[in-house]
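Only one structure is covered here, and it is reproduced in the block below.
Residue numbers (the UniProt record's numbering): 1 to 529.
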């Protein structure tokens, strides 16, 4: 009896050990699976948990003749269901087109990551997990856009914006050292591209308003989009700004905001209105002569109310008014990232961008605060990018470049803030290619693939448009002017005619094949004030 009992005890002990080991293995598998998945996909019932963000609003702001139009869509449960159904329909259609032998346009109508780790059948219901950290940052004491409107629409030379800035030690910012946080912000940037037209009820935010919906304004027309993600527990908002829908570039569509995106790309990231050569038509009338540009003219063009900087400032203004006491973060990819950076510098909010073109030149032309008045270590802007993206690296220029062939004068390379660069050319043997600029590539093959987040550092000394001369006024004595920094652009000249009432600026609206102006038009005075 004793020996049998002892044997049973030994067997029971062995069984306990095996059971404990088996449970340990199960726990390890669960932990690894949870670690690999990351805290990015969160169940609906935890949508109000700390650090969890969901889409709450979508903004669209018109440009050009629709620049006074501003709308907001509230993301309700009904909208999420309808948008999800349309997303699945578009994804099925896209898959069928890809399998078809017939020619298709190569467009990705769903614009969401292909990684199995982040897959969802409805990007509008996706939950994002972000961590925060406290940083020291210089920012305005008052961040009310109404108080800072003079720096957006006023005479920049008369605005002493730094006078109202102070250093804060406890600014809540995204934790850019956390891999999942960086990926979540990139996914938010990707979310802003997702096409779900004609869904939901848009609320007008401006008056007067033409109640007739125009096919040239909205999801598929001339305008700028911003997606709002909100965490109710921590009262934190993320504004994600849509980037470029690129005409003529591989894998891009031509049915979205292509024309206005291209115009603003060429205005923001070229030396002088996209005056690359005499073969180029310019996007503004500031070009004077060979490698000479009217700097005051370009600055006025950037501040026009029908341009993207003004439009994105209006979107930010409404977000601030809707969430007056919230922490606001900014993000975006490509053009959207550059606009997020400009907003961050204007209103003193943290921004994390992805593959943004060099925006230093545009920030200087907008007279935004810079070192030494604003020390570089007190800036809250981080640019994530990689060495195989010619747009981020500032090498997508020259007559034979993909950007130039497609009509984009991407001449700037210098960034503000800090740059966080993945050296995929060295680490992975990648070749520089415009396809590496896509947000899907960045998320799936870089951000998720690298074990550690790239180190963020101050950029190397950099000068854009070093060979251009910039005059403060085209009528001034050239001998009294100084050279400025910028990079190549603009064709055609502009004149100013004065009447007894108001001044109206003329700009070129028609060009011949050689790039010479054949038709002039007038810019409405209200767009320049």
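We put the CB at the ideal spot given by N, CA and C, even for glycine.
Computed from a prediction, not measured in an experiment: that's the story for all the values here.
Residue i: first and last residue of the uninterrupted beta strand (DSSP E) it sits in
{"i": "residue 133", "result": "132-140"}
{"i": "residue 332", "result": "327-333"}
{"i": "residue 434", "result": "Counting along the chain, residue 434 falls outside any beta strand (DSSP E), and DSSP gives it neither H nor E."}
{"i": "residue 203", "result": "202-204"}
{"i": "residue 57", "result": "52-62"}
Beta-ladder partner(s) of residue i, from DSSP
{"i": "residue 457", "result": "419"}
{"i": "residue 470", "result": "293"}
{"i": "residue 386", "result": "422"}
{"i": "residue 75", "result": "DSSP output for residue 75 lists no bridge partner at all."}
{"i": "residue 352", "result": "331 and 382"}
{"i": "residue 226", "result": "59 and 241"}
{"i": "residue 167", "result": "138"}
{"i": "residue 377", "result": "In the DSSP output, where bridge partners are listed per residue, residue 377 has none listed."}
Coil, strand or helix - residue i by DSSP
{"i": "residue 306", "result": "coil"}
{"i": "residue 259", "result": "helix"}
{"i": "residue 488", "result": "A caution first: residue 488 carries a pLDDT of 37, below 50, which makes its placement in the model unreliable, though a value can still be read off. Residue 488 falls in the coil class under three-state DSSP."}
{"i": "residue 173", "result": "strand"}
{"i": "residue 33", "result": "The predicted model places residue 33 with a pLDDT of 44, which falls under 50 and marks its position as unreliable; any figure quoted below should be read in that light. DSSP places residue 33 in helix when its eight states are reduced to three."}
{"i": "residue 278", "result": "coil"}
{"i": "residue 450", "result": "coil"}
{"i": "residue 319", "result": "helix"}
{"i": "residue 445", "result": "helix"}
{"i": "residue 129", "result": "strand"}
Segment limits, alpha helix (DSSP H) that includes residue i
{"i": "residue 405", "result": "402-405"}
{"i": "residue 235", "result": "It is not in any alpha helix (DSSP H) - residue 235 carries neither H nor E in the DSSP assignment."}
{"i": "residue 179", "result": "179-191"}
{"i": "residue 363", "result": "360-365"}
7 angstroms CB neighbourhood of residue i in its chain, flanking five on each side removed
{"i": "residue 396", "result": "390, 402, 403, 410 and 434"}
{"i": "residue 317", "result": "145"}
{"i": "residue 133", "result": "173 and 175"}
{"i": "residue 457", "result": "418 and 419"}
{"i": "residue 114", "result": "440 and 444"}
{"i": "residue 365", "result": "298, 299 and 302"}
{"i": "residue 454", "result": "384, 420, 421 and 422"}
{"i": "residue 450", "result": "422"}
{"i": "residue 325", "result": "235"}
{"i": "residue 394", "result": "358, 412 and 413"}
{"i": "residue 181", "result": "130, 131, 174 and 175"}
Own chain residues within Cβ distance below 6 angstroms of residue i, not counting five before or after
{"i": "residue 135", "result": "171 and 173"}
{"i": "residue 123", "result": "112, 191 and 194"}
{"i": "residue 120", "result": "126"}
{"i": "residue 350", "result": "173, 329 and 380"}
{"i": "residue 283", "result": "263, 266, 267, 273 and 274"}
{"i": "residue 347", "result": "143"}
{"i": "residue 474", "result": "288 and 294"}
Same chain only: Cβ atoms within 8 angstroms of residue i, ignoring 5 sequence neighbours per side
{"i": "residue 426", "result": "387"}
{"i": "residue 308", "result": "63, 224, 260, 264, 268, 335 and 339"}
{"i": "residue 33", "result": "At residue 33, the pLDDT of 44 sits below 50, so the modelled position is not reliable and the matter cannot be decided from this model."}
{"i": "residue 187", "result": "40, 113, 118, 126, 128 and 443"}
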